[in-house]
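So for the sequence shown, UniProt numbering puts the first residue at 1; every next one is plus one. The C-beta atom is built at its ideal place from N, Cα and C for all residues, glycine as well. Quick caveat: nothing in here was measured; it's all calculated off a predicted structure. Read the structure below first, then the notes.
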Amino acid sequence: MQENKEISALFTLIDDPDEDIFTTVSDRIVNYGRGIIPNLENLWENSPCEEVQERIEMIIHRLHYSDLMHDLTEWRDSAYHDLLFGALLVAKFQYPDLQTTPVILEIEKMRRNVWLELNSFLTPLEHANVISSIVYNYYNLKGVERSYSNPDDYFLHKVVQCKKGNSVSNGILYLILADLLDIPVKAINVPRQFVLAFFNSDYDPAIHRGNPKQYIQFYVDATNGQAFTQKDVENYLTRNNFESYPYYFKPMSNLQIIQMLIQELINCFNAPHVKYKKQELKDLCELLEH
């Protein structure tokens, strides 16, 4: 961006010790939009003061976050909530300069390799076995315990790059592939889990009433791609003192999945120096609820 007198004046005030002045200055800078980021990066490179550099980094983060809120609002309001696009938007919270094309191309390679092994004569369980064979064996996707020590475990591009994720991030990748292959797999609401369910091909929640459980053929653990049965789910619910409510078997929408992903990420930012990110993620989650 062409630097004018106002921008130059604002930059000279970034180091002002008065927090109110800095807040006003940073607000004015953010109003210029992301076009001012190269100017801020140049200022950062030429600032010997670490405190000033930290303030510049915070302003740049605010600019990226403002863009993310705009993009996520557009995604929320779109007619179709594309899961791949939604997951990549969440990744941009931590990696604002993420290049999405390589991720999309890699997922397309995975889809094609699975598609080459499929045919119309296979049963749904055989479809699941083909997906698991390609994704977890050929591509060597690994599952890690669902914890909050490493936010990277929740970001789709990191799962694709490092071939490692937890049940949520691996599950989102599985769902994206299944959707591209037109295979009826949905995430369901089993408590404390992220379970994938293979539904009957003609199942439509808007038409079919009653407990969705009766339209599920089997389940898949997205951590490792292993299939399991209705009895396994019922045993889990009983063991953990949960009633077997029909709601637990209702397919989650892509909007709900992205909300859940953000809610999981919120728990990854408890350290004092990143508490502001925790609040920002809460705001993003609230944005999706509107």
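Q. Where DSSP assigns a beta bridge to I188, which residues make up the other side?
A. For I188, which the question treats as bridged, DSSP gives the partners V195, P251.
Q: Would you check if there are 3 or more beta carbon pairs closer than 8 Å linking the region 171-190 to the region 98-111?
A: They touch, by the three-pair rule.
Q) Are the beta-carbon atoms belonging to L98 and L88 less than 9 Å from one another? A) Yes.
Q) For the 8 Å Cβ check, are there 3 or more pairs between the region 36-46 and the region 72-87? A) The answer is no - the region 72-87 does not touch the region 36-46, with fewer than three Cβ pairs under 8 Å.
Q) Taking the DSSP output, what are the residues bridged to D221? A) By DSSP's assignment, D221 forms a beta bridge with V195, Q226.
Q. Would you call G143 buried or exposed, if buried means 16 or more other Cβ atoms sit within 10 Å of its Cβ?
A. That one is buried.
Q) Taking all protein chains shown into account, do 16 or more other C-beta atoms lie within 10 angstroms of the C-beta of H127, making it buried, or fewer, making it exposed? A) The C-beta of H127 has 16 or more other C-beta atoms within 10 Å across all chains shown, which makes the residue buried.
Q) Would A222 pass as a contact of N129 if the rule is Cβ separation under 9 Å? A) Between A222 and N129, the C-beta gap is not smaller than 9 Å, which leaves the two residues out of contact.
Q: Indicate the three-state DSSP secondary structure (helix, strand or coil) for G86 in the structure shown.
A: G86 falls in the helix class under three-state DSSP.
Q. Relative to the C-alpha of G33, which residue among V25, E51, L10, S66 is closest?
A. Comparing Cα positions, the closest option is S66.
Q. If you run the structure through DSSP and keep just helix, strand and coil, what is I266?
A. Note: I266 maps to helix in three-state DSSP.
**Q.** Per-residue DSSP class, three states only, for residue 293
**A.** Because residue 293 is not part of the residues shown, which for the chain are 1 to 290, the question remains open.
Q) With distances taken between CB atoms, is the gap from C285 to Q263 smaller than 9 Å? A) With a cutoff of 9 Å on beta-carbon distance, C285 and Q263 are scored as near each other.
Q) At which residues does the alpha helix (DSSP H) containing V30 begin and terminate? A) 19-30 is the extent of the alpha helix (DSSP H) around V30.
Q: Have a look at S253, D232, N254, M252 and flag the residue whose alpha-carbon is nearest the alpha-carbon of S244.
A: Minimum Cα-Cα distance from S244 among the listed residues S253, D232, N254, M252 corresponds to D232.
Q) So is A9 buried or exposed if we call it buried at 16+ other beta carbons inside 10 Å? A) Counting Cβ neighbours within 10 Å, A9 comes out exposed, since fewer than 16 surround it.
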